[in-house]
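Residues in the sequence shown are numbered from 2 upward in steps of one, following our numbering. Structure first, then comments.
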Amino acid sequence: MRTNILVSIICISVTTLCISCRQVAPCPDSRPTTAILGAFNKEIMMLEEQLTDKHQQQIEGMRFVTGRLQDKSVVVAWTGIGKVNAAMTTTLLIEHFNPDQVIFSGIAGGVNPKLEPGDIVIAAETAHHDMGILGEDGFYNRGVINPLDGIRNPVFLLADEHLLKLAEKAAEQVELEKIKTSVGERSPRIIKGVVVTGDVFVASTEKGAELREKLNADAVEMEGAAVAQLCYQRQIPHLVVRSISDKADTTARVDSMLFQEMAAKNSAALIVKITELLSSQHPVSKSGDQEK
Ligand code: ADE
2 MRTNILVSII
12 CISVTTLCIS
22 CRQVAPCPDS
32 RPTTAILGAF
42 NKEIMMLEEQ
52 LTDKHQQQIE
62 GMRFVTGRLQ
72 DKSVVVAWTG
82 IGKVNAAMTT
92 TLLIEHFNPD
102 QVIFSGIAGG
112 VNPKLEPGDI
122 VIAAETAHHD
132 MGILGEDGFY
142 NRGVINPLDG
152 IRNPVFLLAD
162 EHLLKLAEKA
172 AEQVELEKIK
182 TSVGERSPRI
192 IKGVVVTGDV
202 FVASTEKGAE
212 LREKLNADAV
222 EMEGAAVAQL
232 CYQRQIPHLV
242 VRSISDKADT
252 TARVDSMLFQ
262 EMAAKNSAAL
272 IVKITELLSS
282 QHPVSKSGDQ
292 EK
């Protein structure tokens, strides 16, 4: 009888341990890890395909892939669309992988009239365009109070300076495919700018112009500021990179279908270059440890 009870306890303990190990298996690589996120599966698959030492795991039903990109330890995840999904995935990622920086890669609607599909915006700042106060005299943007310290968040969340500099360097080095237009070919432009985020796909010329006028936005998307806010509140360096798939105007839905693949590819190419530069700053020593 006693033996039976003992065996049952051991079985239950081993099963519980196995389940929790499966759910929260640590990053196989203990070196500093860069998290790379994207809203669409396609955006993430483009990066995932380039990973070596790939390990896949499910946490709370979400898929996270660890491995090496340009010999840099990374964890890659698909957030899904919108601010809530982005916040959910980023939180899981921070809790389970403790990344030393978070980079978001993806597509956006261009509201800077100089931007065309395929061009890239490296976000020096991100802002929620739909967070604030709506009064009789209109809407004004306002950050929410950070529940971790009781201090109000700024409207504009700044990218990590080091990552930003690295991204600018990567922009000078990356080789992007030329874009075919009705008047010939052109090289994609890469600018540093403002990316604004809201839980809405903008397909309105008027709204696009408003975002440009009020927030000096270059591009609009649906996840960046949510990830930036989490990183700001948890003091984790972050960077958002977006390539233009449409111009947030009346033809945005069709254009985004036409150009999203090319835009996602361009954004991913810049991310790979950034990772390469990160890797060269912290080369792997012969013992396999990342050098400080
Ligand atoms: N992502 C790509 N295009 C977008 C748009 N026009 N609005 C919001 N998010 C987008």
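Backbone N, C-alpha and C define an ideal beta-carbon position, used for all residues, glycine too. As the structure is a prediction and not an experimental result, all values here were calculated from the model.
Close-in-space but distant-in-sequence residues of the same chain around residue i (CB under 8 Å, 5 per side omitted)
{"i": "Lys43", "result": "Gln261, Glu262 and Ala265"}
{"i": "Ala1", "result": "In this structure the chain extends from 2 to 293, so residue 1 is not present and cannot be described."}
{"i": "Glu169", "result": "Ile123 and Lys193"}
N- and C-terminal bounds of the alpha helix (DSSP H) containing residue i
{"i": "Lys73", "result": "Here Lys73 belongs to no alpha helix (DSSP H); instead the beta strand (DSSP E) covers Lys73 to Trp79."}
{"i": "Ser281", "result": "Ala253 to Gln282"}
{"i": "Ala210", "result": "Thr206 to Leu216"}
{"i": "Ala249", "result": "Careful: Ala249 lies outside any alpha helix (DSSP H) and carries neither H nor E."}
{"i": "Glu186", "result": "First-last for Glu186: Gly185 to Arg187, but that is the beta strand (DSSP E), not the alpha helix (DSSP H)."}
Secondary structure of residue i, DSSP reduced to three states
{"i": "His130", "result": "coil"}
{"i": "Ala124", "result": "strand"}
{"i": "Lys1", "result": "Lying outside 2 to 293, the shown extent of the chain, residue 1 is not represented and no answer is given."}
{"i": "Leu116", "result": "coil"}
{"i": "Ala36", "result": "strand"}
{"i": "Val228", "result": "helix"}
{"i": "Pro27", "result": "Caution applies to Pro27, whose pLDDT of 46 falls short of 50 and renders its modelled position unreliable; the value that the coordinates give is listed next. In this structure, Pro27 counts as coil in the three-state DSSP scheme."}
Limits of the unbroken beta strand (DSSP E) element including residue i
{"i": "Ser142", "result": "It is Asn, not Ser, that sits at residue 142 in the sequence shown. Gly139 to Asn142 is the extent of the beta strand (DSSP E) around Asn142."}
{"i": "Asp102", "result": "Strictly speaking, residue 102 in this sequence is Gln, with Asp absent from that position. Per DSSP, Gln102 belongs to the beta strand (DSSP E) from Gln102 to Gly111."}
{"i": "Val196", "result": "Ile191 to Thr198"}
Bridge partners - residue i, DSSP secondary structure assignment
{"i": "Ile45", "result": "None; Ile45 has no bridge partner."}
{"i": "His97", "result": "The partner list for His97 (beta bridge, DSSP) is empty, contrary to what the question assumes."}
{"i": "Thr53", "result": "Arg69"}
{"i": "Met223", "result": "Partner(s): none; Met223 has no beta bridge."}
{"i": "Leu177", "result": "Paired residue(s): none; Leu177 is not in a bridge."}
{"i": "Leu240", "result": "Ile104"}
{"i": "Lys84", "result": "For Lys84, which the question treats as bridged, DSSP gives no partner whatsoever."}
{"i": "Thr91", "result": "For Thr91, which the question treats as bridged, DSSP gives no partner whatsoever."}
{"i": "Gln58", "result": "Phe65"}
{"i": "Gly136", "result": "Gly139"}
{"i": "Ile146", "result": "Arg153"}
Cβ shell of residue i (< 6 Å), same chain only, five flanking positions each side left out
{"i": "Ala220", "result": "Ala109, Gly111, Val122, Val196 and Arg243"}
{"i": "Asp1", "result": "Any property of residue 1 remains undetermined from this structure, which presents the chain solely from 2 to 293."}
{"i": "Gly144", "result": "Arg153, Asn154, Pro155 and Val156"}
{"i": "Val75", "result": "Thr35 and Ile37"}
{"i": "Asp54", "result": "Gly68 and Arg69"}
Candidates the options: closest to residue i by CA position
{"i": "Asn113", "options": "Gly62, Ala210 and Asp138", "result": "Ala210"}
{"i": "Thr91", "options": "Arg153, Pro238 and Val145", "result": "Pro238"}
{"i": "Gly39", "options": "Gln59, Arg64 and Asn142", "result": "Arg64"}
{"i": "Gly81", "options": "Ile45, Leu70, Gln102 and Pro100", "result": "Ile45"}
{"i": "Leu212", "options": "Gly151, Met132, Asn99 and Ala78", "result": "Met132"}
{"i": "Ser183", "options": "Glu117, Ala227 and Asp161", "result": "Glu117"}
{"i": "Ala171", "options": "Ile37, Gly119, Lys274 and Pro33", "result": "Lys274"}
{"i": "His97", "options": "Thr34, Leu240, Ala253 and Leu164", "result": "Thr34"}
{"i": "Ala88", "options": "Leu259, Thr198, Gly194 and Gly136", "result": "Thr198"}
{"i": "Leu52", "options": "Leu94, His130 and Ile37", "result": "Ile37"}
{"i": "Leu278", "options": "Gln174, Asn154 and Ile134", "result": "Gln174"}
{"i": "Ile191", "options": "Asp200, Gly136, Ile272 and Met258", "result": "Ile272"}
Cβ neighbours of residue i in the same chain (closer than 7 Å, five flanking residues each side left out)
{"i": "Leu149", "result": "Gln234"}
{"i": "Glu297", "result": "No information on residue 297 is available, as it lies outside the stretch 2 to 293 that the chain covers here."}
{"i": "Asn57", "result": "This sequence places Gln at residue 57; Asn is not what is there. Result list for Gln57: Arg64 and Val66, in chain order."}
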